[in-house]
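Asker:
As structure tokens, then:
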């Protein structure tokens with residue numbers, strides 16, 4: 713077996729409308745994967761970027777903030793396009809406030825999309841692959857806060873720490889069925905979620921001072937790790953959370 717993807721493999725990528733999700737969708741499509749890009753908002757820019765590299769993608773609108781919306785979208789994707797071989801749990805949100813002031817609504821919103829939906833989409837994917845006696849790949853998007861505590865993001869830190877743990881337990885259960893389960897932990901990336909940090913001059917400079925590579929990541933710096941973990945080249949790699957962080961954690 714080589715590192716090349718099988719012909720007509722399909723990937724279900726959540727939160728693919730912008731940022732890291734869009735970069736992942738484009739890179740998978742560039743490598744011959746049929747991408748089903750899933751999210752609440754328009755995927756026109758993502759589809760255009762995929763087509764620009766000669767790839768194939770289709771879009772599904774879905775509310776990924778609740779389990780029914782996410783799993784219904786997965787079922788619809790399999791009905792419309794065929795079996796899904798790769799699941800990328802990328803969709804996520806963040807809420808910022810000091811822990812003394814953090815609201816229950818903000819806690820629940822973050823935990824629902826960042827963790828609960830990740831589990832139940834993974835469950836739906838694994839059920840479909842095991843029923844078909846086929847393997848597959850799940851890649852979760854974790855965070856540096858899977859390893860660290862962060863500041864003023866209690867629900868985000870809790871959810872991303874849990875994603876790292878969930879990645880291990882699902883790998884333990886499903887690897888014997890040929891399903892690899894891994895996570896990628898991006899460093900500080902130029903996305904909508906980090907706009908507030910980048911606009912804070914003091915915080916932005918403190919972050920840059922900690923990154924040995926000397927810059928924030930672009931979404932395109934993250935997607936290669938996802939493509940690798942989704943590929944047959946990583947068929948014996950499972951249960952890991954791979955930092956892609958410009959040596960932040962090594963500092």
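In the numbering used here, the protein residues as written are 713 to 963. Heads up, the beta-carbon is just placed ideally off N, CA and C, and yes, glycines get one too.
Quick check: what's the CA-CA separation for residue 810 versus residue 793?
Answerer: Along the chain shown, one-based indexing puts residue 810 at 98. Along the chain shown, one-based indexing puts residue 793 at 81. The alpha-carbon atoms of residue 810 and residue 793 are separated by roughly 44 Å.
Asker: Between the alpha carbons of residue 948 and residue 938, how many angstroms are there, rounded?
Answerer: For the purposes of this step, residue 948 is taken as residue 236 along the chain shown, with counting starting at 1. For the purposes of this step, residue 938 is taken as residue 226 along the chain shown, with counting starting at 1. Cα to Cα, residue 948 sits roughly 15 Å from residue 938.
Asker: Note down, in chain order, each residue of its chain lying with its Cβ closer than 6 Å to the Cβ of residue 799, except the 5 sequence neighbours on either side.
Answerer: Against the chain shown, residue 799 aligns to sequence position 87. Within the same chain, residue 799 has close Cβ partners 724, 837 and 850.
Asker: Let me know the secondary structure DSSP gives residue 924 once reduced to three states.
Answerer: If you number the chain shown from 1, residue 924 lands on position 212. Residue state, collapsed to three classes: coil.
Asker: When you compare only the Cα positions, how much space is there between residue 713 and residue 907?
Answerer: Looking up residue 713 in the chain shown gives position 1. Looking up residue 907 in the chain shown gives position 195. Residue placement at residue 713 cannot be trusted, given a pLDDT of 28 that sits under 50; what the coordinates show is reported in the next sentence. Cα-Cα distance, rounded: 42 Å.
Asker: Assign residue 859 to one of three DSSP states: helix, strand, or coil.
Answerer: Here residue 859 refers to the residue found at position 147 of the chain shown. Correct three-state label for residue 859: coil.
Asker: Using a Cβ-Cβ cutoff of less than 7 Å, which residues in the same chain neighbour residue 831 once the five nearest sequence positions on both sides are dropped?
Answerer: As a first step, residue 831 is located in the chain shown; it is residue number 119 there, counting from the start. Taken in chain order, the residues that qualify are 878.
Asker: Any contact between the region 921-929 and the region 863-871? By contact I mean 3 or more CB pairs, one from each, below 8 Å.
Answerer: No contact exists between the region 921-929 and the region 863-871.
Asker: Can you give me the Cβ contacts of residue 916 inside the same chain, cut-off strictly under 6 Å, excluding the 5 residues immediately before and after it?
Answerer: Position 204 of the chain shown holds residue 916. So the qualifying residues of the chain are 910.
Asker: Would you call residue 871 buried or exposed, if buried means 16 or more other Cβ atoms sit within 10 Å of its Cβ?
Answerer: Residue 871 sits at position 159 when you count from the first residue of the chain shown. The residue is buried, with at least 16 neighbouring Cβ atoms inside 10 Å.
Asker: Considering only DSSP beta bridges, list what residue 849 is partnered with.
Answerer: To locate residue 849, count along the chain shown from 1; it is residue 137. DSSP lists 798 and 892 as partners of residue 849.
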